[in-house]
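**Q** Taken in order, these protein sequences are the chains called A and B.
Following UniProt numbering, the numbering of the first sequence begins with 1 at its first residue and continues without gaps.
Following UniProt numbering, the numbering of the second sequence begins with 1 at its first residue and continues without gaps.
Protein chains: 2
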Amino acid sequence: MTDESQLRRQVVEAADRLFYAHGVQAVGMDAVRAEAKVSLKRLYSLFASKDDLVIEVLRFRSRQWDTGIAATAEGARTPREKLLAVYDFLGLWFEQDGFRGCAFINSFGELGGVSPRVAEVVRRQKADFQRYVADLVAQTGAPPSLAPQLALLAEGAQTTAAIAGDSAAAADARRAAETLIDAALAAGAAR
Amino acid sequence: MTDESQLRRQVVEAADRLFYAHGVQAVGMDAVRAEAKVSLKRLYSLFASKDDLVIEVLRFRSRQWDTGIAATAEGARTPREKLLAVYDFLGLWFEQDGFRGCAFINSFGELGGVSPRVAEVVRRQKADFQRYVADLVAQTGAPPSLAPQLALLAEGAQTTAAIAGDSAAAADARRAAETLIDAALAAGAAR
DNA sequence: TACAGTAGAGAACGAACGTTCTCTAGGCAA
DNA sequence: TTGCCTAGAGAACGTTCGTTCTCTACTGTA
Numbered sequence: 001m002t003d004e005s006q007l008r009r010q011v012v013e014a015a016d017r018l019f020y021a022h023g024v025q026a027v028g029m030d031a032v033r034a035e036a037k038v039s040l041k042r043l044y045s046l047f048a049s050k051d052d053l054v055i056e057v058l059r060f061r062s063r064q065w066d067t068g069i070a071a072t073a074e075g076a077r078t079p080r081e082k083l084l085a086v087y088d089f090l091g092l093w094f095e096q097d098g099f100r101g102c103a104f105i106n107s108f109g110e111l112g113g114v115s116p117r118v119a120e121v122v123r124r125q126k127a128d129f130q131r132y133v134a135d136l137v138a139q140t141g142a143p144p145s146l147a148p149q150l151a152l153l154a155e156g157a158q159t160t161a162a163i164a165g166d167s168a169a170a171a172d173a174r175r176a177a178e179t180l181i182d183a184a185l186a187a188g189a190a191r
Numbered sequence: 001m002t003d004e005s006q007l008r009r010q011v012v013e014a015a016d017r018l019f020y021a022h023g024v025q026a027v028g029m030d031a032v033r034a035e036a037k038v039s040l041k042r043l044y045s046l047f048a049s050k051d052d053l054v055i056e057v058l059r060f061r062s063r064q065w066d067t068g069i070a071a072t073a074e075g076a077r078t079p080r081e082k083l084l085a086v087y088d089f090l091g092l093w094f095e096q097d098g099f100r101g102c103a104f105i106n107s108f109g110e111l112g113g114v115s116p117r118v119a120e121v122v123r124r125q126k127a128d129f130q131r132y133v134a135d136l137v138a139q140t141g142a143p144p145s146l147a148p149q150l151a152l153l154a155e156g157a158q159t160t161a162a163i164a165g166d167s168a169a170a171a172d173a174r175r176a177a178e179t180l181i182d183a184a185l186a187a188g189a190a191r
């Protein structure tokens with residue numbers, strides 16, 4: 001049982017590496033098998049189909065994102081700093097070797113039009129992030145309309161960094177976020 | 001000759017519809033043939049391979065984007081209004097039936113990892129847009145650092161609207177852009 | 001009418017892929 | 001040791017897809 005869940009994780013991580021680097025459809029199940037160092041039989045005993053594996057990989061990425069964001073927020077004290085920490089987190093990520101954008105956005109572009117399950121997982125992930133930002137915005141006392149604006153910056157930074165191959169988008173987004181937060185707080189205070 | 005270029009356009013538009021709706025790899029050349037109402041032989045006499053067709057479709061989208069943005073800017077007088085018109089353009093696009101995000105971002109996610117040609121076309125398209133925004137920013141007199149911030153909002157709006165299936169992202173981006181532009185101009189004036 | 005050339009329809013080919021099946025070797029109980 | 005069960009390696013199967021080939025019908029010309 002523990003052995004099985006450990007194997008599942010091993011396969012999911014291997015598939016995640018390959019899917020992220022090359023795209024889902026460009027990676028065959030045999031390549032996943034080789035990367036995960038499992039037999040094809042075992043692979044199909046752990047996941048009924050490639051579709052199921054793809055969904056599991058996305059859920060895995062989702063958990064990774066959550067813990068990464070939470071860890072970065074740890075180092076920040078005020079809600080404002082926690083919000084800005086999101087962009088610092090993005091900056092570190094963009095610098096990593098093999099960064100190729102947001103796996104959810106990529107998967108949505110590739111499979112969202114044909115796989116409702118993929119579309120749903122991606123939608124949920126993005127909705128969760130919107131909620132996370134909205135909570136922090138509420139804690140700053142700024143009006144709720146600030147939250148989607150800050151989320152837009154984060155989404156835009158991910159695609160821009162991926163396509164331009166330049167991590168500067170994180171710093172750009174952070175500076176824009178500072179301006180927006182300060183303006184929102186000033187507008188609130190003036191009222 | 002004119003006949004040939006007209007046929008090419010007919011095929012490119014058909015392929016664009018299918019690729020955009022379902023993703024490139026989910027659409028076979030036979031489906032393109034059916035949608036374009038051409039024979040397979042003719043199809044391959046117009047485009048040497050599916051790869052070539054994909055590139056041509058992206059270039060077609062690129063021209064469409066350029067003319068769309070230019071047309072929207074027509075109705076605006078000041079550089080500031082031209083910048084904000086970008087988000088109005090996005091808003092109209094998001095409302096259209098079958099909107100499924102930015103074709104360049106989608107293609108990059110699907111094929112960027114395996115096709116350098118696709119990655120290059122996407123990169124160029126996004127760089128052109130950055131330049132367009134930077135030109136307008138310069139005309140407003142705001143510091144150049146404002147430009148990538150405004151571009152981030154546009155990129156983020158496209159993915160957010162696609163995934164959430166909600167066109168509100170355009171209005172969010174527009175409001176954020178107004179705030180950023182005003183803040184940048186105020187900071188410049190204060191100096 | 002006879003014929004050459006062209007283009008369409010779609011069959012055919014070869015490769016790749018998701019999935020299943022077969023064969024074999026190794027471990028373990030009796 | 002003998003027999004049984006499991007699991008790995010990878011062959012095999014059925015399908016899909018990109019691309020090419022074949023056959024047929026039609027057009028225009030002499």
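The beta carbon of each residue, even a glycine, is placed where N, CA and C say it ideally should be.
These figures come from a predicted structure and were not determined experimentally.
Report yes if the CB atom of Ser62 of chain B is closer than 9 Å to the CB atom of Gly109 of chain A, and no otherwise.
**A** No.
**Q** What are the uninterrupted segments assigned as alpha helix (DSSP H) that are 4 or more residues long and contained completely in the stretch 94 to 131 of chain B, given in chain order?
**A** For the stretch 94 to 131 of chain B, whole alpha helix (DSSP H) runs of length 4 or above, ordered along the chain, are 103 to 111.
**Q** Going along chain B, which residues have a C-beta under 9 Å from Gly101 of chain A?
**A** Ile105, Phe108, Gly109 and Gly112, listed in chain order.
**Q** Please tell me whether Gln149 of chain B and Leu83 of chain A are closer than 9 Å, where the distance is taken between their beta carbons.
**A** No, Cβ-Cβ distance for Gln149 of chain B and Leu83 of chain A is not below 9 Å.
**Q** For a cutoff of 9 Å on Cβ pairs, would you count Pro148 of chain A as touching chain B?
**A** Chain B contact via Cβ: present.
**Q** Just reading off the alpha helix (DSSP H) that Gln158 of chain B is part of, what are its end residues?
**A** Residues Leu146 to Ala164.
**Q** So which residues on chain A does Ile163 of chain B lean against when the C-beta distance must stay under 7 Å?
**A** In chain order: Phe108, Val122, Arg123 and Lys126.
**Q** At the 9 Å Cβ level, is residue 234 of chain B part of the contact set with chain A, yes or no?
**A** There is simply no residue 234 of chain B to check, as chain B begins at 1 and stops at 191 in what is shown.
**Q** Is the separation between the beta-carbon of Ala169 of chain A and that of Leu58 of chain A shorter than 9 Å?
**A** Not closer than 9 Å, so no.
**Q** Tell me whether Phe47 of chain B sits in a helix, a strand or coil according to DSSP, three-state version.
**A** The answer is coil: DSSP assigns Phe47 of chain B none of H, G, I, E or B.
**Q** Taking Cβ positions only, does Asp97 of chain A come closer than 9 Å to chain B?
**A** No, because no Cβ of chain B sits closer than 9 Å to the Cβ of Asp97 of chain A.
**Q** Mind checking which residues open and close the alpha helix (DSSP H) that includes Arg33 of chain B?
**A** Here the alpha helix (DSSP H) through Arg33 of chain B covers Met29 to Ala36.
**Q** Out of A:Glu178, A:Thr159, A:Asp172 and A:Arg9, which has the shortest C-alpha to C-alpha gap to Phe47 of chain A?
**A** The residue with the shortest Cα to Cα distance from Phe47 of chain A is A:Arg9.
**Q** Determine the burial state of Val12 of chain A: buried for a count of at least 16 other Cβ atoms within 10 Å of its Cβ, exposed for fewer.
**A** Counting Cβ neighbours within 10 Å, Val12 of chain A comes out buried, since at least 16 surround it.
**Q** Answer yes or no: does any C-beta atom of chain A fall closer than 9 Å to that of Gln25 of chain B?
**A** Yes, Gln25 of chain B lies at the interface with chain A (some Cβ there is under 9 Å from its Cβ).
**Q** Expressed to the nearest angstrom, what Euclidean distance is found between the alpha-carbon atoms of Gln139 of chain A and Ile69 of chain A?
**A** Taking the straight line from one Cα to the other gives about 17 Å.
**Q** Taking 8 Å as the threshold, find out whether the stretch 113 to 127 of chain B comes into contact with the stretch 35 to 55 of chain B through three or more Cβ pairs.
**A** Flag = yes, the stretch 113 to 127 of chain B and the stretch 35 to 55 of chain B touch.
**Q** Do you know whose CA, among A:Ala151, A:Arg123, A:Pro143 and A:Ala127, lies nearest Ala177 of chain A's CA?
**A** It is A:Ala151 whose Cα lies nearest to the Cα of Ala177 of chain A.
**Q** Grab me the residues of Arg131 of chain B's own chain with a C-beta within less than 8 Å of its C-beta, minus the 5 sequence neighbours each way, in chain order.
**A** Around Arg131 of chain B: no qualifying Cβ.
**Q** Taking the beta carbon of Ala183 of chain A as the centre, do at least 16 other beta carbons fall within 10 Å, making it buried, or is it exposed?
**A** Flag for Ala183 of chain A reads buried.
**Q** Identify the contact partners of Asp172 of chain B in chain A, using a Cβ-Cβ distance below 7 Å as the criterion.
**A** Within 7 Å Cβ-Cβ: Pro148, Gln149 and Leu152.
**Q** Please report how far the alpha carbon of Tyr44 of chain B lies from the alpha carbon of Arg124 of chain B, in whole angstroms.
**A** Near 27 Å, if we compare the C-alpha coordinates of Arg124 of chain B and Tyr44 of chain B.
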